[in-house]
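The structure appears right after this line, and notes come after that.
In the UniProt record's numbering, the protein residues as written are 1 to 491.
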């Protein structure tokens, strides 16, 4: 095989045409490379096919201008040009940067799902006036992508995951090949949604920080960018759509058992950010991808962390995506839920929103899903989370920040086996208030000075069972006891 043969890209079913480039495989462009070498360099530098095509056409045009010069002047021009070829010409993405944080109000562009967002960008029609077609560029990209997908191993460097995302964008064939990969050995996935950027964080290690962070945002020129280790990619897709599709792609990998999935919002910093809610429409796009592309499959994950955001409450219709995420998780595998609320106190206090929102309730959860009932623990240690006890206590073990007398009163009226663990200790006065007039008998007289933690209240439930509520300063436990048990008979 000759060098020129090795540079020629193989035919690809994704190109849609058997027509070849007008540029010969061995023919050099201005940089001294063959056009395939130039395209591979652009591919390596994360240029989109459109950018690589424009860059190559520019180099071909400059080479033609050089060839048309008179012999005497051409020697001088060539000498000047060749002097700059000690290193290859930089690809067209060299100057991309995210735009600085906006100090004023940020236009929150909402995005919506459309069926084609999971597909690679389609190729334009052939233009007979061009020296080389976009589909010729795609052939090189597809060959490199398929080689990457065939050779890629989860034990490679962390950039393996970014290579995978980039390779699947080359063609429908590459996307389908990527979708067939199984068990990427991921442990943790986190999506962090910000005002002007979104981060996708990935880790193969359970007990360590996230080792790979991919950032999506916009440049000062308005380009939508995907960035990893200061290398930028853009193909004209909105950055929120890119982030949604990439996050979904990792979630849907067959045979994968994730330890943790997290969805969070960037912390609000009043000195740097405007007093407004973060747009969360990306979650709607991901939820729609679940519905349209996941089918009946469930995602295997052990821990699910989700942050609520009231940003959609002032829009119509009001929307919370928690249930749409929860219902695609495998019920018997999901063990632990952690729920938080985005801190919007300063945003609301700024007066940027109608005061009526101040009176709206904080988020709680009223779920009848199997995934909810089968979870072993629920952590809602957040002062902004409401406590809808009938639903919360369907889960056996609950972690909360604190409990008021009203919380205690509602919780003790729910007859289920549960344990509530508190971060802040209970007040004995709240216990007295909550159980005033309630059925059952304490093991200590509520009116005596000895009434203090730990406490035990016993109440009749049915003919053959008792309910025993044990109250410690940082724990409330309700348990059913059968009358046939010796410990109950002795009482």
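Beta carbons: idealized from backbone N, C-alpha and C, even for Gly. All values reported here derive from a predicted model rather than from experimental measurement.
Just grab the DSSP bridge partners of residue i for me.
i	result
residue 480	467
residue 260	188 and 303
residue 458	441 and 468
residue 202	189 and 212
residue 553	Summary: the structure shown does not reach residue 553, with the chain confined to residues 1 through 491, and so no result is reported for it.
residue 338	305 and 379
residue 217	225
residue 453	None, per the DSSP bridge assignment.
residue 475	421 and 472
residue 325	Residue 325 is not bridged to any residue.
Are residue i and residue j closer than 7 Å when you measure CB to CB?
i	j	result
residue 352	residue 110	no
residue 382	residue 340	yes
residue 307	residue 342	yes
residue 193	residue 278	yes
residue 331	residue 272	no
residue 223	residue 234	yes
residue 369	residue 321	no
residue 326	residue 301	no
residue 130	residue 186	no
residue 390	residue 414	yes
residue 286	residue 248	yes
residue 398	residue 422	no
residue 458	residue 440	yes
residue 53	residue 152	no
residue 400	residue 380	yes
residue 477	residue 456	no
Which residue from the options puts its Cα closest to that of residue i?
i	options	result
residue 114	159, 288 and 99	288
residue 416	452, 343 and 461	461
residue 467	290, 473, 482 and 234	482
residue 97	55, 147, 445 and 227	227
residue 494	256, 260, 234 and 112	The first residue shown for the chain is 1 and the last is 491, placing residue 494 beyond what the model contains.
residue 122	409, 405, 236 and 334	236
residue 133	148, 51 and 118	51
residue 34	49, 59, 44 and 54	59
residue 99	479, 350, 302 and 220	220
residue 215	206, 207, 204 and 244	244
residue 364	344, 354, 373 and 388	388
residue 229	159, 427, 63 and 406	159
residue 347	268, 319, 141 and 130	268
residue 171	203, 36 and 49	49
residue 201	166, 208 and 212	212
residue 167	139, 188, 191 and 190	139
residue 424	472, 206, 124 and 478	472
residue 464	455, 474 and 480	480
residue 240	117, 324 and 173	117
residue 204	157, 246 and 169	157
residue 190	438, 303 and 196	303
residue 63	108, 290, 32 and 266	32
Which whole-angstrom value describes the C-beta separation of residue i and residue j, a residue pair presumed to lie in contact below a C-beta threshold of 8 Å?
i	j	result
residue 337	residue 366	Incorrect: roughly 14 Å between the Cβ atoms, too far for contact.
residue 119	residue 175	7 Å
residue 183	residue 295	Incorrect: roughly 19 Å between the Cβ atoms, too far for contact.
residue 164	residue 178	6 Å
residue 445	residue 451	6 Å
residue 29	residue 38	6 Å
residue 434	residue 408	3 Å
residue 206	residue 217	Going by Cβ atoms, the distance from residue 206 to residue 217 rounds to 29 Å, so no, they are not a contact pair.
residue 290	residue 264	Actually they do not touch by this definition, with Cβ atoms about 19 Å apart.
residue 344	residue 310	6 Å
residue 266	residue 195	7 Å
- request: Report the residue ranges of all beta strand (DSSP E) runs contained in full by the region 402 to 427; include only those spanning at least 3 residues, in chain order.
  value: Considered as a whole, the region 402 to 427 harbours 418 to 422 as its complete beta strand (DSSP E) runs of no fewer than 3 residues, in chain order.
message: Which runs of the alpha helix (DSSP H) at least 4 residues long sit entirely within the region 242 to 295? Give them in chain order.
response: If one requires a minimum length of 4 residues, the alpha helix (DSSP H) runs lying completely within the region 242 to 295 are 281 to 289, in chain order.
- request: With a floor of 4 residues, list each alpha helix (DSSP H) that falls wholly inside the region 119 to 170, ordered by position along the chain.
  value: As far as the region 119 to 170 is concerned, its whole alpha helix (DSSP H) runs of at least 4 residues are 134 to 151 and 160 to 168.
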